[in-house]
Every structure is written in structure tokens, then in C-alpha cells.
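The next block holds one structure in the form of C-alpha cells; read it before the comments.
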Amino acid sequence: MPNYSKYIAIIFLLLVLPACATTSTTVVDEEVVTNKQPMATYKSLVIRNFELNRELYTSVPEGRMGERERRYAQMPAEFAEQIERYVRSRHTYQDVARDGQVTGTTLVLKGRFTRIGRFRISITATLYDGATGQEVAYFRQTLWDVFDTSETLGSLAREVADFIDRIQYK
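Structure (C-alpha cells):
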């Protein structure tokens, strides 16, 4: 009787190893829209810098921060600029600004980085009604297998812009 265990082991390795070898960015998200009026009634968007606590990327005093830590400190402004660029390119709003005037037809985007590490970046983004200050939509995003933070910021900014675009008809 032939020994099939060797062949079974080879087939098993051929099936399992490709799944282990590939690296892909897995996106896990949550979207909630709580607004009572249609999102399309908003005419402008104001984008605030996302909060980033220093404890997420360094434990050294500011005077001893290295180049890497200084780049992390610049992430909120860079991220807001990228979101602004992507939202503007879609022409969803008449006015998109970083520090614009808030009116009754304005949405205000605020958020924070909840996790930053070599392998994962997580954010939460919240849209607020300009007239009442109430939350109208919430978005949570995690990107896994992160090796290049600047490339990941671009992907996250696109995801936030996609979310803002998707909810226009809710």
C-alpha cells in the first residue's frame, strides 16, 4: 500500500503557504448615519485636523524626538490636507475648507487617530451639523499590514472621502 501522507502534506503546504505569504491591507470599518435630514442638504464641509496623542507614537520628551517621531507629529495636518484634496476632487460640496466659516448648511469633520503602529493604523471620523453641533455620522477605519505610513495616510484619506461621498444619499 503506497504512503499517501507525503503527498497529503505537500498538497496541504501548497494550499496554506500562499495564504501566509501574501500581505494585503485588510480594511475593517463601521459606518453610522444618524442624521434625520438628507445629507445632500449640506453645501459645505469644514475639515479639522484629527487628534493624535503623542503617547501613540513616542514616550520621549519633545526635545529628544527623532525624525520618525517628528513625522508622526505632522500626520494630522497632512491627513486633513489629503482628505480635503480627495473631497474637493469629487465636487460634492460647493465649499471645502480646513478652517472655513461654519453655517447651518455646513458639515464639520473631526476625528482622531486611535492606534498607530508598524502594522496597523486606526481612526475614527465624525461629521457634525454646523447649525446644532450634533453628530450626524460616524466612521471607524482600521488598515492592517501597514509598512509605509505616508502611503497609508493616502489610503485612509480616500476611505474617509469615499465615506463622505457614500452617505450623501442617506
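For the sequence shown, this note's numbering puts the final residue at 454, and the numbers step up evenly by one. Quick reminder that beta carbons are idealized off the backbone N, C-alpha and C, glycines included. Being a predicted model, the structure only gives us computed values, none of them experimental.
Counting C-beta neighbours from all protein chains within 10 Å, is the total for Thr416 16 or more, i.e. buried, or is it exposed? Within the sequence shown, the letter at position 132 stands for residue 416. Taking a 10 Å sphere around the C-beta of Thr416, we find fewer than 16 other C-beta atoms and assign the residue as exposed.
Output the boundary residues of the beta strand (DSSP E) element that contains Gln425. In the sequence shown, residue 425 corresponds to position 141, counting from 1. Where Gln425 is concerned, the enclosing beta strand (DSSP E) stretches over 419-428.
Whole angstroms are fine: how far does the CA of Phe403 sit from the CA of Tyr326? Stepping through the sequence shown from its first residue, residue 326 is reached at position 42. Stepping through the sequence shown from its first residue, residue 403 is reached at position 119. Inter-residue distance for Tyr326 and Phe403 is about 36 Å (C-alpha atoms, whole angstroms).
Report back the beta-carbon spacing between Val444 and Val317 to the nearest angstrom; my notes put them in contact at under 8 Å. Here residue 444 refers to the residue found at position 160 of the sequence shown. Here residue 317 refers to the residue found at position 33 of the sequence shown. Contact between Val444 and Val317 is absent: CB atoms are separated by about 14 Å, not below the 8 Å threshold.
For Asp383, name the three-state secondary structure that DSSP assigns. Here residue 383 corresponds to residue number 99 of the sequence shown, with the count starting at 1. DSSP places Asp383 in coil when its eight states are reduced to three.
Buried or exposed by the 16-neighbour rule on C-beta atoms within 10 Å, applied to Tyr377: Locating residue 377 in the sequence shown gives position 93, counting from the first residue. Buried, because 16 or more other Cβ atoms sit within 10 Å of the Cβ of Tyr377.
How is Tyr377 classed by DSSP in three states: helix, strand or coil? Taking the first residue of the sequence shown as position 1, residue 377 is located at position 93. In this structure, Tyr377 counts as coil in the three-state DSSP scheme.
Can you give me the start and stop residues for the beta strand (DSSP E) that Ala324 sits inside? Along the sequence shown, one-based indexing puts residue 324 at 40. Taken as a continuous stretch (DSSP letters only), Ala324 belongs to no beta strand (DSSP E), as it is neither H nor E.
If we ignore side chains and look at the alpha-carbon of each, how far apart do Leu329 and Arg348 end up? Taking the sequence shown and counting its residues from 1, one reaches residue 329 at position 45. Taking the sequence shown and counting its residues from 1, one reaches residue 348 at position 64. Each residue's alpha carbon lies about 37 Å from the other.
Would you grab the beta carbon distance between Ile407 and Gln385 for me? Rounded to a whole angstrom, and I think it's under 8 Å. Your numbering for residue 407 matches position 123 in the sequence shown. Your numbering for residue 385 matches position 101 in the sequence shown. That belief does not hold up - the Cβ atoms of Ile407 and Gln385 are roughly 26 Å apart, past 8 Å.
Can you tell me whether Asp313 is buried or exposed? The criterion is at least 16 other CB atoms within 10 Å of its CB, across all chains shown. For the purposes of this step, residue 313 is taken as residue 29 along the sequence shown, with counting starting at 1. Under this definition Asp313 is an exposed residue.
Around the Cβ of Gly395, are there at least 16 other Cβ atoms within 10 angstroms (buried) or fewer (exposed)? Counting from 1 along the sequence shown, the entry for residue 395 is found at position 111. The residue in question, Gly395, is buried, as its Cβ has 16 or more Cβ neighbours within 10 Å.
Three-state secondary structure (DSSP) of Phe403: For the purposes of this step, residue 403 is identified with residue 119 of the sequence shown, where counting begins at 1. In the structure shown, Phe403 sits in coil (DSSP, three-state: anything other than H, G, I, E or B).
Over the uninterrupted alpha helix (DSSP H) stretch that includes Arg355, give me the two end residues. The residue labelled residue 355 in the question sits at position 71 within the sequence shown. Element bounds for Arg355: 351-357.
Collapsed DSSP secondary structure at Gly414 in the structure displayed: Here residue 414 refers to the residue found at position 130 when the sequence shown is read from its first residue. Note: Gly414 maps to coil in three-state DSSP.
In this structure, how does DSSP classify Phe397 when only helix, strand and coil are distinguished? Numbered from its first residue, the sequence shown carries residue 397 at position 113. Strand, per DSSP.
Using the Cα positions of Thr436 and Tyr370, report the straight-line distance between them to the nearest angstrom. The sequence position of residue 436 within the sequence shown is 152, counting from 1. The sequence position of residue 370 within the sequence shown is 86, counting from 1. Distance between the alpha carbons of Thr436 and Tyr370 is about 14 Å.
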